[in-house]
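S.K.: First the structure, which I've put down as structure tokens, then a few questions once you've had a look.
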Amino acid sequence: MIEYLKQAFWFGPNIPGLGRLPVNALAVLGFTIFGFGHPGFWLMGAGLEAAYLASLVTHPRFQRLVDAMSRSQTSAEAEQSRQELIRSLDLPSRQRLIALEGKRGRILDLARESQAGDFELESARDALNRLLWIYLKLLVARRQLAATGAQTNAAELERKAADLEQGLAAGSLPTALRDSQTATLKLLRQRLENLERCDENLKQVDSDLARVEAQVDLAAESAALRGGGAAVTANLELASQTLDVGIDFGESEATVHALDQAYAAPPRERERG
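For the sequence shown, position 112 (counting from the first letter as 1) is numbered 254 according to this note's numbering, and the numbering increases by one without interruption.
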């Protein structure tokens, strides 16, 4: 309701060359100025403003207009954030995403050519968009994992750990030095374990990326052979449910979380893309 009141107060027609003219706000300003000459204008203005706002904010058509404007703004902000994520990827990753988006377009074209119903088209578009969002998240996660692995030299860590183990095995170190080196060795082993997990996660992400690509290819083949959006949706629903796993997105964590919230809206409130 607060948003409806805000929009109603500043509502006005679009004037070519001037943009939106807030007639109501200007009228309030006028009554305020006239009220300094005669207080009766303040009472009259308050009554007219209350009646105007009450009639407009409760009008279903105006509410639908405000809701549509809000959805449009949310979609624009979400798309801007999505583009920022895409720009953070390396060129090969961006090319993979572009290729998959092209396949999405061809699938929807095939569904339209087969004269699929509006509900089938909407369901297919929503399923494809969800799967492409998961794909982009996987690419972002892969970027983070690859960067983490590149910052650490496993062979160097192994060499340092081996040197420490050899020195500790000699048994001739002072107690304080032995304790210090034992603690350092433990830290090195923990770093090596983290690196191993990073490598395993990277392999999992690569596997999931390949799976999404194969799933979209299958959907394209199904759409070409059987037509319609129902076949596409059936092929994609399971993948979108099982691939969306929690992974560290590094500095992009907040952006990914915000987009997850935006894309959690009902299908008809999302960007149709």
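Even glycine gets a Cβ: it sits at the ideal position worked out from N, Cα and C.
Where E226 and A253 are concerned, what is the direct C-alpha to C-alpha distance, given to the nearest angstrom?
M.R.: Counting from 1 along the sequence shown, the entry for residue 226 is found at position 84. Counting from 1 along the sequence shown, the entry for residue 253 is found at position 111. If I take the Cα positions, the gap works out to 30 Å.
S.K.: Could you compute how far the alpha carbon of A220 sits from the alpha carbon of E300?
M.R.: Position 78 of the sequence shown, counting from 1, holds the residue named residue 220. Position 158 of the sequence shown, counting from 1, holds the residue named residue 300. Answer to the nearest angstrom: the Cα atoms are 44 Å apart.
S.K.: Within 10 angstroms of its Cβ, does I240 collect 16 or more other Cβ (buried), or is it exposed?
M.R.: Numbered from its first residue, the sequence shown carries residue 240 at position 98. Classification for I240: exposed.
S.K.: Could you tell me if S197 is buried or exposed, where buried requires 16 or more neighbouring beta carbons within 10 angstroms of its beta carbon?
M.R.: For this step, residue 197 is matched to residue 55 along the sequence shown. Looking at its Cβ environment, which holds fewer than 16 other Cβ atoms inside 10 Å, S197 is exposed.
S.K.: If you compare alpha carbons, which of A266, C340, L327 and L315 is closest to E307?
M.R.: By 1-based counting over the sequence shown, the position of residue 307 is 165. Here the closest residue by C-alpha is L327.
S.K.: Could you check what DSSP says for N295 in three-state terms: helix, strand or coil?
M.R.: Position 153 of the sequence shown holds residue 295. Coil, per DSSP.
S.K.: Beta-carbon within less than 6 Å of S223's beta-carbon, same chain only, minus the 5 sequence neighbours each way: which residues are those?
M.R.: As a working note, residue 223 is residue 81 in the sequence shown. If we look at S223 and ignore the five residues flanking it on each side, its Cβ neighbours are T397 and L401.
S.K.: Where Q257 and K245 are concerned, what is the direct C-alpha to C-alpha distance, given to the nearest angstrom?
M.R.: What you label residue 257 is simply residue 115 of the sequence shown in a count that begins at 1. What you label residue 245 is simply residue 103 of the sequence shown in a count that begins at 1. Q257 and K245: Cα-Cα distance of roughly 19 Å.
S.K.: Tell me, to the nearest whole angstrom, how far the beta carbon of S230 is from that of R285; I am working on the premise that it is less than 8 Å.
M.R.: By one-based count along the sequence shown, residue 230 stands at place 88. By one-based count along the sequence shown, residue 285 stands at place 143. With a Cβ gap of about 7 Å, S230 and R285 count as contacting.
S.K.: Grouping DSSP H, G and I as helix and E and B as strand, with all else coil, what is T200?
M.R.: Numbered from 1 along the sequence shown, position 58 holds the residue referred to as residue 200. Residue state, collapsed to three classes: coil.
S.K.: Within the chosen definition, does the region 332-347 reach the region 265-273 through at least 3 CB pairs nearer than 8 Å?
M.R.: Counting Cβ pairs under 8 Å, fewer than three are found: no touch.
S.K.: With A394 as the anchor, note down where its alpha helix (DSSP H) starts and where it stops.
M.R.: Start at 1 with the first residue of the sequence shown, and residue 394 comes out as number 252. According to the sequence as given, residue 394 is Ser; it is not Ala. From DSSP, S394 is part of no alpha helix (DSSP H); its letter is neither H nor E.
S.K.: Quick one: using the 10 Å Cβ neighbour count with 16 as the cut-off for buried, is K345 buried or exposed?
M.R.: For the purposes of this step, residue 345 is identified with residue 203 of the sequence shown, where counting begins at 1. Exposed, by the Cβ-count rule.
S.K.: Since S235 is in the alpha helix (DSSP H), which residue starts that stretch and which ends it?
M.R.: Counting from 1 along the sequence shown, the entry for residue 235 is found at position 93. It spans L233 to E255 - the alpha helix (DSSP H) in which S235 sits, taken as one unbroken run.
S.K.: Would you kindly work out how many angstroms separate the C-alpha atoms of P202 and L195, rounded to a whole number?
M.R.: Here residue 202 refers to the residue found at position 60 of the sequence shown. Here residue 195 refers to the residue found at position 53 of the sequence shown. Spanning the two alpha carbons is a distance of roughly 13 Å.
S.K.: Using 8 Å for Cβ pairs, my map puts L330 next to A303. What's the rounded Cβ distance?
M.R.: As a position in the sequence shown, residue 330 is number 188, starting the count at 1. As a position in the sequence shown, residue 303 is number 161, starting the count at 1. Contact flag correct, Cβ pair sits at about 4 Å.
S.K.: Taking all protein chains shown into account, do 16 or more other C-beta atoms lie within 10 angstroms of the C-beta of E298, making it buried, or fewer, making it exposed?
M.R.: Translated into the one-based positions of the sequence shown, residue 298 becomes position 156. When all chains shown are included, E298 counts as exposed.
S.K.: Tell whether a beta-carbon distance below 8 Å holds between I452 and A362.
M.R.: This structure cannot speak to residue 452, because the chain is shown only from 143 to 415.
S.K.: DSSP three-state call for A266: helix, strand or coil?
M.R.: Residue 266 sits at position 124 when you count from the first residue of the sequence shown. The answer is helix: DSSP assigns A266 an H, G or I state.
S.K.: Throw me the rounded Cβ distance for the V170 and G187 pair, which I believe falls under 8 Å.
M.R.: For this step, residue 170 is matched to residue 28 along the sequence shown. For this step, residue 187 is matched to residue 45 along the sequence shown. At roughly 6 Å, the Cβ-Cβ gap stays under 8 Å, so V170 and G187 are in contact.
S.K.: Relative to the alpha-carbon of S394, which residue among L287, L310 and S349 has its alpha-carbon at the smallest distance?
M.R.: Translated into the one-based positions of the sequence shown, residue 394 becomes position 252. Closest by alpha carbon: L287.
S.K.: Quick check: A283 and V347, are their CB atoms within less than 8 Å of each other?
M.R.: In the sequence shown, residue 283 corresponds to position 141, counting from 1. In the sequence shown, residue 347 corresponds to position 205, counting from 1. The answer is yes: Cβ separation under 8 Å.
S.K.: For E262, count the other beta carbons within 10 Å of its own beta carbon; 16 or more makes it buried, fewer makes it exposed. Which is it?
M.R.: To locate residue 262, count along the sequence shown from 1; it is residue 120. That one is buried.
S.K.: Is H180 helix, strand or coil when you go by DSSP?
M.R.: In the sequence shown, residue 180 corresponds to position 38, counting from 1. Note: H180 maps to coil in three-state DSSP.
S.K.: Can you grab the Cα-Cα spacing for the pair P234 / A365, in whole Å?
M.R.: On the sequence shown, position 92 is the one that residue 234 refers to. On the sequence shown, position 223 is the one that residue 365 refers to. Near 28 Å, if we compare the C-alpha coordinates of A365 and P234.
S.K.: What is the C-beta distance between R236 and I228, in whole angstroms, given that I count them as a contact (C-beta under 8 Å)?
M.R.: Within the sequence shown, the letter at position 94 stands for residue 236. Within the sequence shown, the letter at position 86 stands for residue 228. Going by Cβ atoms, the distance from R236 to I228 rounds to 6 Å, so yes, they are a contact pair.
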